[in-house]
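A short worksheet on the structure shown next.
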Amino acid sequence: MVLTVLTALTNCLCFSLKYSQPSIVKGRTDVVAVTPWLAPIVWEGTFNPVLLDSIYKPKKISIAVTVFAVGKYIMFLKNFLETAEQHFFVGFNVHVYVFTDRPKEVPEVKMADGRQLTVRLVPSSKRWQEISARRMELIQKLIDEQLRKNSDYIFCLDVDSKFHDRWGTESLGGLVAVIHPGYYLDNRSKFPYERRSASKAYVADGEGDFYYCGGAFGGILEEVYLLASTCRFNFEEDAKNGIEAAWQEESHLNRYMWINKPSKVLSPEYLWQDFKARNPEVKTIRFSGVIKNYADIRPNV
Ligand SMILES: *[C@@H]1O[C@H](CO)[C@@H](O)[C@H](O)[C@H]1NC(C)=O
Numbered sequence: 153m154v155l156t157v158l159t160a161l162t163n164c165l166c167f168s169l170k171y172s173q174p175s176i177v178k179g180r181t182d183v184v185a186v187t188p189w190l191a192p193i194v195w196e197g198t199f200n201p202v203l204l205d206s207i208y209k210p211k212k213i214s215i216a217v218t219v220f221a222v223g224k225y226i227m228f229l230k231n232f233l234e235t236a237e238q239h240f241f242v243g244f245n246v247h248v249y250v251f252t253d254r255p256k257e258v259p260e261v262k263m264a265d266g267r268q269l270t271v272r273l274v275p276s277s278k279r280w281q282e283i284s285a286r287r288m289e290l291i292q293k294l295i296d297e298q299l300r301k302n303s304d305y306i307f308c309l310d311v312d313s314k315f316h317d318r319w320g321t322e323s324l325g326g327l328v329a330v331i332h333p334g335y336y337l338d339n340r341s342k343f344p345y346e347r348r349s350a351s352k353a354y355v356a357d358g359e360g361d362f363y364y365c366g367g368a369f370g371g372i373l374e375e376v377y378l379l380a381s382t383c384r385f386n387f388e389e390d391a392k393n394g395i396e397a398a399w400q401e402e403s404h405l406n407r408y409m410w411i412n413k414p415s416k417v418l419s420p421e422y423l424w425q426d427f428k429a430r431n432p433e434v435k436t437i438r439f440s441g442v443i444k445n446y447a448d449i450r451p452n453v
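Here it is, written out as structure tokens:
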């Protein structure tokens, strides 16, 4: 009994924290904050960041981040890394793994204590679809070779994006998906799922929950490992059958999340698009895709 109490105390700093009383009847009414399978949907105003940090701080968690800066995409890396320093898990252990074919062009960015960067070399590729496809394999390998030793959570993020506001402990979960900003007001019949039943990424008409981003996902290592290995397997099966899903790994990820429901869903605050005007329910933009000209950066269109 005494031991249990002691463990409880050292596992959370919240007992010494003063914060406003939580309510189960008052909260945001303009958005839905839980899925029908009872996973939280994280919106500004649904969580207390100070409280959440005080729960995770004593656990000394480590967060790995993968980011792919292949070819000209390296130009986005500096902004990504600098804004991550300002907003992404500030005060926590963060290890960024940069996958690139241009290691000499990785910018020097001053990182706070407990944060570090590792460069992993990848071959150049002629097609961006291939780069995208190989990501799952490289994530799987990274977890196998490195992360089980030193990380608790992993987030896989697009490099052509930057942080504008807090992305922190509220995003932690078993399997974490981000709602795509482009489709969340639409009927699911309009979602750009892979619609050919011959593909392993197939989602039938009248199926699917949300349309999730390929540009940001994460969770605990084992969940992301399963996701990455399944998507990789399905992608390769498709390739053998001469099929490429409509949105490559994003299509496979959407199929995966339909079958394996995420335990936490992040609202479009967690991956907005800079060219898109902000909708009223979006109170803050935490992370967003920067405006880019594909012709300038992709090896093929
Ligand atoms: C979405 O569209 C389908 C097919 O047109 C329709 O049957 C369904 O009721 C719509 N769903 C919503 C939530 O509007």
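My numbering puts the first residue of the sequence shown at 153, with every later residue one more than the last.
No residue lacks a Cβ here, since even glycine has one placed at the ideal position from N, Cα and C.
Remember, it's a predicted structure, so these values are computed and weren't measured experimentally.
Between the C-alpha atoms of SER172 and PHE439, what's the straight-line distance to the nearest angstrom? In this model, SER172 and PHE439 are separated by some 27 Å (Cα to Cα).
field: Check whether TRP410 and VAL330 have beta carbons under 8 Å apart
entry: Taking 8 Å as the Cβ cut-off, TRP410 and VAL330 do not qualify as a contacting pair.
List the DSSP bridge partners of ALA218.
Rather than Ala, the amino acid found at residue 218 in this sequence is Thr. Partner(s): TYR249, CYS308.
ask   = For ASN431, which option in GLY266, TYR336, ASP205 has the closest C-alpha, if you only look at C-alpha atoms?
value = Nearest to ASN431 by alpha-carbon distance, out of GLY266, TYR336, ASP205, is TYR336.
Contact test: ASN200 Cβ vs ligand 1 heavy atom, cutoff 7 Å: No - ligand 1 has no heavy atom lying nearer than 7 Å to the Cβ of ASN200.
> Any heavy atom of ligand 1 closer than 7 Å to the Cβ of ASN406?
Replying inline: ASN406 Cβ: outside cutoff for every heavy atom of ligand 1.
From the DSSP output, read off the bridge partner residues of PRO192.
-> Looking at the DSSP output, PRO192 bridges to VAL186.
Please confirm whether any heavy atom of ligand 3 lies closer than 7 Å to the CB of ASN339.
-> In terms of ligand content, the structure shown lacks ligand 3 and carries ligand 1 instead.
Euclidean distance between Cα positions of PRO275 and GLU257
Separation of PRO275 and GLU257 (C-alpha to C-alpha, rounded to the nearest whole angstrom) is 15 Å.
From the DSSP secondary-structure annotation, give me the bridge partner or partners of ARG272. Answer is PHE251, bridged to ARG272.
8 Å contact criterion, which ALA185 and THR198 should meet: CB distance rounded: About 5 Å separates the two Cβ atoms, so the contact holds.
* Given GLY358 as reference, the closest of TYR345, GLY334, LYS170, GLU389 once Cα atoms are compared -> Among TYR345, GLY334, LYS170, GLU389, the Cα nearest to that of GLY358 is on TYR345.
Item to complete: Please report how far the alpha carbon of PHE167 lies from the alpha carbon of ILE207, in whole angstroms.
Response: Going from the Cα of PHE167 to the Cα of ILE207 covers about 10 Å.
Taking the alpha-carbon positions, what's the LEU418 to VAL328 distance?
Cα to Cα, the separation comes out at about 7 Å.
Inset, instruction - Please look up how many angstroms separate the CB atoms of TYR364 and LEU299, rounded, as I've assumed it's under 8 Å. - result: Not really, about 22 Å apart at Cβ, beyond 8 Å.
- prompt: Mind checking whether GLY441 and SER313 have CB atoms under 8 Å apart?
  reply: Yes, Cβ-Cβ distance for GLY441 and SER313 is below 8 Å.
- Query: Where LYS224 and LYS230 are concerned, what is the direct C-alpha to C-alpha distance, given to the nearest angstrom?
  - Reply: Going from the Cα of LYS224 to the Cα of LYS230 covers about 13 Å.
| request: List the endpoints of the continuous beta strand (DSSP E) containing PHE439. | output: Unbroken beta strand (DSSP E) run through PHE439: 439 to 441.
Looking at C-alpha atoms only, which residue of PRO192, CYS308, ALA350, MET227 is the closest neighbour of ALA368?
-> Across the set PRO192, CYS308, ALA350, MET227, the C-alpha of CYS308 shows the shortest separation from the C-alpha of ALA368.
* **Given 8 Å, three or more beta-carbon pairs between the stretch 243 to 260 and the stretch 395 to 405** => Touching, no.
- prompt: Per DSSP, LYS314 is paired with what?
  reply: Under DSSP, LYS314 takes part in a beta bridge, and its partners are SER440.
Compute the Euclidean distance between the alpha carbons of LEU165 and PRO201, then round it to the nearest angstrom. Those two C-alpha atoms are separated by around 13 Å.
Open item on the list: Pop quiz: VAL376 and ILE291 are said to be a contact at Cβ under 8 Å. What is the actual Cβ separation, rounded to whole angstroms?
Closed with: The distance from the Cβ of VAL376 to that of ILE291 is about 7 Å, consistent with a contact at the 8 Å cut-off.
request  = Take GLY325 and list the residues in its own chain whose beta-carbon comes closer than 7 Å to its own, dropping the five residues that flank it on each side.
outcome  = Around GLY325: GLY371, SER415, LYS416.
Query raised in the report: ASP304 to LEU294, Cα distance in whole Å?
Result: The alpha-carbon atoms of ASP304 and LEU294 are separated by roughly 13 Å.
In whole angstroms, what is the alpha-carbon distance linking ILE306 and THR235?
-> Our two residues, ILE306 and THR235, have alpha carbons roughly 18 Å apart in a direct line.
Inset, instruction - Let me know if ASN462 comes out buried or exposed under the rule of 16 or more other beta-carbons within 10 Å of its beta-carbon. - result: No statement about residue 462 is possible, as the shown extent of the chain runs from 153 to 453 and does not include it.
- Query: Can you pull the DSSP bridge partners for VAL242?
  - Reply: Bridge partners of VAL242: none, in fact.
Check your understanding: Alpha carbon to alpha carbon, what distance is there between ASP361 and SER341?
Key -> Roughly 11 Å between the two C-alpha positions.
Sub-8 Å separation of ALA380 and SER351 beta-carbons: Against a cut-off of 8 Å, the Cβ pair of SER351 and ALA380 comes out as no contact.
Practice prompt. Buried or exposed for GLN268, please, with buried defined as at least 16 other CB atoms from any protein chain shown within 10 angstroms of its CB.
Written response: Around the beta-carbon of GLN268, fewer than 16 other beta-carbon atoms lie within 10 Å, marking it exposed.
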